[in-house]
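Input: a single structure, listed below in structure tokens.
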Amino acid sequence: MQHYRSPISGQWRAGDDLEAFILRGINSAQREILVAVQELSLPKVAEALARRQSEGITVRVILENTYSKPWSQEHAADLSPHQRLRNTQLQKLGWGDAVAIMQQAHVPMIDDTADGSKGSGLMHHKFMVIDRREVITGSTNFSPSCVHGDPDDPTTLGNVNHLLRFQSPALAELFAAEFNRMWGDGPGGAADSQFGLAKQEGPLQVVQIGETTVGVLFAPHPRRDGNNGLAVIDNLLSETDRSLDLALFVLSEQRLADTMEALQQHGIKIRLLADPGFANRSFSEVLDLLGTRMPDRRCMLEAGNKPWQQPLAGVGTPRLPRGDKLHHKLAIIDDERVISGSFNWSPSASFQNDETLLVIDSALLARHFKAEIDQLWKTAELGISPRLARKQLRLQQKCGRGQQRS
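Position one of the sequence shown corresponds to residue 1278 (this note's numbering), numbered consecutively onward.
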């Protein structure tokens, strides 16, 4: 396993330095860098983009509107509690304001309000296209919390994430086309950018990279469109023959839980790790896999909820430093196929957000990701955790069995 010294705590920590990985990609560019990422708050990345632009490289950046303003210029009273905490953490880090750095260098930037709206569901992409020949993408935002840890807490290690690099002009052109749909004519021009459903996304597109087949689907889609990401995932899960290993930030789509139950009934070995914060929410389908249910704060039960008759033994949550998240959106099917990307397994990802879903047929990549899950599995809490049991008890005392939502 790789190790590097955290710039926040100064301690050696397990894992790859994802910031260094991003910087290597930026520094390798010879003509063009296209960045579409929900959050970019790493000053070194901003400085590298500004420097490459000054060297004559074309640089363009698209952000989610929640993260597109310099935090150093915002007023706390105007922010949500989450945004206030984020800004306080970045201020304590003392690394500088990444968005302000790019603005001062006149790096062209837009967000998902450039179409004249108040923003798409979320501009949730995490990709960078270099010279129309290379793509860097995965589950990682370009932020301290996603790569190194929370700026005000040296005990955190950063969210559990991954990045992939593909050297493929064909794949790069697909990502560049998605970027250009959102970019339109850039900042200050007509409101011709397209975000959300306005992009009119199509089906899964497939390219061949050597012996590896890579499928890419850009979201969102209308609910009735059979090309939507949840339908793609559901079809892929249905094709599982032997084993299914998952590491998911969110699982909140009932039909995926139902499909996995059918796989279990046919003897497929299933292993699932879910983020501790999301796994214990009332709308989490992880509860179904555990054979239980839980009302929300208003004592309402999720409509269509279907706890498994035989709870899954191989389901749990990894032990992470407080504040860190399991941020993967990852599945390994039969040790041969990998599902990855920015796409959480949720209706919002499929029908509202700007997202990337990747399907990669590669036994080698599957082995690397399985090793990641194996490492997390060693210390995971399996079954109903003490945290979940306490929450269920509190809600039972308040709500009884809860009321079914119609």
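Ideal placement from N, C-alpha and C gives every residue a C-beta, glycine not left out.
### Three-state class that DSSP yields for E1516 in the structure shown
For E1516, the three-state secondary structure derived from DSSP is coil.
### Query
Which residue spans inside the region 1324-1411 form an unbroken beta strand (DSSP E) run of at least 3?
With a minimum length of 3 residues, the continuous beta strand (DSSP E) runs that stay inside the region 1324-1411 are 1335-1340, 1386-1388 and 1403-1407.
#### Entry: Where D1469 sits in the DSSP three-state scheme
Residue state, collapsed to three classes: coil.
### Task
Indicate the three-state DSSP secondary structure (helix, strand or coil) for I1650 in the structure shown.
Here I1650 sits in helix by DSSP.
### Query
Excluding five sequence neighbours on each side, which residues of the same chain lie with their C-beta closer than 7 Å to the C-beta of S1422?
Correct list, in chain order: G1435 and N1436.
### Task
Return the chain-ordered list of same chain residues with a C-beta closer than 7 Å to the C-beta of V1384, the five sequence neighbours on each side being excluded.
Around V1384: L1326, A1327, Q1330, V1336 and V1338.
### Query
What are the partner residues of S1416, as DSSP defines its beta bridges?
As far as DSSP is concerned, S1416 takes part in no beta bridge.
### Task
For the beta strand (DSSP E) holding Q1444, just list the boundary residues, first then last.
Looking at the DSSP string, the run of the beta strand (DSSP E) that includes Q1444 is L1440 to Q1444.
### Query
If you follow the alpha helix (DSSP H) that Q1531 is part of, which residue opens it and which one closes it?
Counting along the chain, Q1531 sits inside the alpha helix (DSSP H) bounded by residues Q1531 to Q1542.
### Task
Report all residues from its chain with a CB closer than 7 Å to the CB of L1295; omit the five preceding and five following residues, and keep chain order.
Answer for L1295: T1417, V1424, N1438 and L1440, listed in chain order.
### Query
What residue does the alpha helix (DSSP H) around Q1554 start on, and which one ends it?
It is Gly, not Gln, that sits at residue 1554 in the sequence shown. Start and end: P1553 to A1556.
### Message
For S1662, tell me which candidate among P1595, L1514, Q1680 and G1415 has the shortest Cα-Cα distance.
### Response
Answer by Cα proximity: P1595.
### Query
What's the C-alpha gap between L1589 and A1556?
Rounded to whole angstroms, the gap between the alpha carbons of L1589 and A1556 is 14 Å.
### Query
With C-beta atoms as the reference, is N1342 less than 7 Å away from D1374?
No, Cβ-Cβ distance for N1342 and D1374 is not below 7 Å.
### Task
Quick one: residues in its chain with C-beta nearer than 6 Å to the C-beta of A1447, no 5 flanking neighbours on either side, listed in chain order?
V1484.
### Task
Hey, could you find the ends of the beta strand (DSSP E) S1305 is sitting in?
Not the beta strand (DSSP E): S1305 falls in the alpha helix (DSSP H), residues L1295 to S1305.
#### Entry: Spatially closest choice to S1625 from L1319, H1498, L1362 and N1457, by CA coordinates
Checked all of L1319, H1498, L1362 and N1457; the closest Cα to S1625 is H1498.
### Query
Candidates E1324, A1580, D1651 and I1616: which alpha carbon is nearest M1379's?
Considering only alpha carbons, the answer is E1324.
### Message
Taking the alpha-carbon of S1619 as reference, which of R1290, D1611, D1612 and V1636 has the nearest alpha-carbon?
### Response
In terms of Cα proximity to S1619, the closest of R1290, D1611, D1612 and V1636 is V1636.
### Task
Return yes when the Cβ of F1560 is within less than 7 Å of the Cβ of E1579, no when it is not.
Yes, they are a contact pair.
### Message
Suppose contacts are defined by Cβ-Cβ distances below 7 Å. Is D1522 in contact with K1647 by that definition?
### Response
Taking 7 Å as the Cβ cut-off, D1522 and K1647 qualify as a contacting pair.
### Query
Using 8 Å as the Cβ pair cut-off and three pairs as the minimum, do the region 1527-1542 and the region 1662-1673 touch?
Counting Cβ pairs under 8 Å, fewer than three are found: no touch.
### Query
Which residue or residues does DSSP assign as beta-bridge partners of M1579?
Note on identity: in this sequence residue 1579 is Glu, with Met being the wrong assignment. The partner list for E1579 (beta bridge, DSSP) is empty, contrary to what the question assumes.
#### Entry: Local conformation of V1527 per DSSP, three classes
V1527: coil per DSSP, three-state reduction.
### Message
So for M1611, helix, strand or coil by DSSP?
### Response
According to the sequence provided, residue 1611 is Asp. The question's Met does not apply to it. In this structure, D1611 counts as coil in the three-state DSSP scheme.
### Outcome for A1593 when other beta-carbon atoms lying within 10 angstroms are tallied against a minimum of 16
Before going on, a small fix: residue 1593 reads as Gly here, not Ala. Per the 10 Å Cβ criterion, buried.
### Task
Return the first residue and the last residue of the alpha helix (DSSP H) that Q1674 is part of.
Looking at the DSSP string, the run of the alpha helix (DSSP H) that includes Q1674 is P1663 to C1676.
#### Entry: Endpoints, beta strand (DSSP E) assigned at V1493
Per DSSP, V1493 belongs to the beta strand (DSSP E) from T1489 to A1496.
#### Entry: Exposed unless 16 or more other CB atoms sit within 10 angstroms - verdict on R1548
Its Cβ being crowded by 16 or more others within 10 Å, R1548 is buried.
### Task
Going by CA-CA distance only, name the one from W1289, P1464 and A1475 that's closest to Q1629.
Of the listed residues, the one whose Cα sits closest to Q1629 is A1475.
### Task
Using the Cα positions of R1574 and K1395, report the straight-line distance between them to the nearest angstrom.
If you take the alpha carbons of R1574 and K1395, they lie about 29 Å apart.
### Query
Does the distance from the CB of F1456 to the CB of D1631 come in under 7 Å?
Against a cut-off of 7 Å, the Cβ pair of D1631 and F1456 comes out as no contact.
#### Entry: Distance CB(L1528)-CB(W1654) smaller than 7 Å
The answer is no: Cβ separation not under 7 Å.
### Query
E1649: buried (16+ other C-beta within 10 angstroms of its C-beta) or exposed?
Classification for E1649: buried.
#### Entry: Under the three-state DSSP convention, the category A1447 falls into
Note: A1447 maps to helix in three-state DSSP.
### Task
Taking the CB atoms as reference points, tell me whether L1514 and A1551 lie closer together than 7 Å.
For the 7 Å CB-CB criterion, L1514 and A1551 do not form a contact.
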